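Inspection log for the structure reproduced underneath, given as structure tokens.
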């Protein structure tokens, strides 16, 4: 079973994630949040580079693209070649970011917080590398506020995370961000049209350091 799981995680899952996240419903959300970043940017969960087409090429000076999956980074090459700003890959986990304190203007995280093993620890690291006047811009799916849908999410979650790369359906995104020392200044939330409700409750917003 371990051999099968390893093969699935390394050879099948990256393509499934790329396909699942590369759809019009999520692109609408990306088109809202991604163009807001500027300067030196750290993207957490770069994946296959699905956010790249939505960056404002004139506003971004440099992008640090953090992604632990080498397979997803291979898939990202098709998007990276069309990028005009400078870009460096950080092949590591968000809980230990190899960047200096106060070194990035904005941090972007989209559809990634669900899979981070220690999300609060990762957000504390984000807080460390973010400049004092910088922004954390986020677009994440998480626990629904509707009790019926939240109950379904909790029921599905143990099975879902096994086939979806550790993706957690039940994370309270605003709570995680707030517990990490951020103040949420802007927040919109609701179901993403065209996505099943158990995976489609979306949190989109901007947070600053306390």
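In this note's numbering, the protein residues as written are 36 to 245.
Where a beta carbon is used, it is the ideal one built from N, C-alpha and C, also for glycine.
Computed from a predicted structure; not experimentally measured.
Assuming residue 20 is part of the beta strand (DSSP E), what are its boundary residues?
In the structure displayed, the chain extends from 36 to 245; residue 20 sits before or after that span and is not available.
Using CA coordinates, which residue listed in 170, 133, 172, 173 is at the minimum distance from residue 160?
The option with the nearest alpha carbon to residue 160 is 133.
Report yes if the C-beta distance between residue 114 and residue 77 is below 8 Å; otherwise report no.
Not a contact, by the Cβ cut-off of 8 Å.
Alpha carbon to alpha carbon, how far is residue 224 from residue 236?
Rounded to whole angstroms, residue 224 to residue 236 spans 7 Å at the Cα level.
Report all residues from its chain with a CB closer than 7 Å to the CB of residue 118; omit the five preceding and five following residues, and keep chain order.
87.
So within the segment 149 to 187, which uninterrupted alpha helix (DSSP H) runs reach at least 4 residues, ignoring any that extend past its ends?
Listed in chain order, the complete alpha helix (DSSP H) runs (minimum 4 residues) inside the segment 149 to 187 are 154 to 164.
Under a Cβ-count criterion, where at least 16 other Cβ atoms within 10 Å of its own Cβ denotes burial, should residue 84 be classed as buried or exposed?
Counting Cβ neighbours within 10 Å, residue 84 comes out buried, since at least 16 surround it.
State buried or exposed for residue 175, treating a residue as buried only when at least 16 other CB atoms are found within 10 Å of its CB.
Looking at its Cβ environment, which holds 16 or more other Cβ atoms inside 10 Å, residue 175 is buried.
Take residue 201 and list the residues in its own chain whose beta-carbon comes closer than 6 Å to its own, dropping the five residues that flank it on each side.
Excluding positions up to five away in sequence, the list reads 150.
Just the C-alpha distance for residue 99 and residue 173, rounded to the nearest angstrom, thanks.
Residue 99 and residue 173: Cα-Cα distance of roughly 16 Å.
Would you give the residue range spanned by the beta strand (DSSP E) that residue 104 belongs to?
From DSSP, residue 104 is part of no beta strand (DSSP E); its letter is neither H nor E.
Which residue comes first and which comes last in the beta strand (DSSP E) that contains residue 218?
Where residue 218 is concerned, the enclosing beta strand (DSSP E) stretches over 217 to 226.
Which whole-angstrom value is the C-beta distance of residue 219 and residue 209, which I expect to be below 8 Å?
The pair is a contact, with the Cβ atoms about 6 Å apart (cut-off 8 Å).
Please state whether DSSP places residue 192 in a helix, a strand or coil.
Helix at residue 192.
Any chance the segment 124 to 138 sits against the segment 160 to 169, with 3 or more Cβ pairs inside 8 Å?
Cβ pair count under 8 Å is three or more, so yes.
Should residue 228 be labelled buried (16 or more other beta-carbon atoms within 10 Å of its own) or exposed?
The residue in question, residue 228, is exposed, as its Cβ has fewer than 16 Cβ neighbours within 10 Å.
Report the rounded CA-to-CA distance for residue 144 versus residue 81, giving the unit in angstroms.
The straight-line gap from Cα to Cα measures roughly 8 Å.
Sort 194, 170, 148 by Cα distance to residue 207 and report the nearest one.
Taking only the C-alpha atoms, the option nearest residue 207 is 148.
Can you tell me the Cα-Cα spacing of residue 146 and residue 116, whole angstroms?
Cα-Cα distance, rounded: 23 Å.
Which stretch, first to last residue, makes up the alpha helix (DSSP H) that contains residue 60?
Taken as a continuous stretch (DSSP letters only), the alpha helix (DSSP H) holding residue 60 covers 59 to 68.
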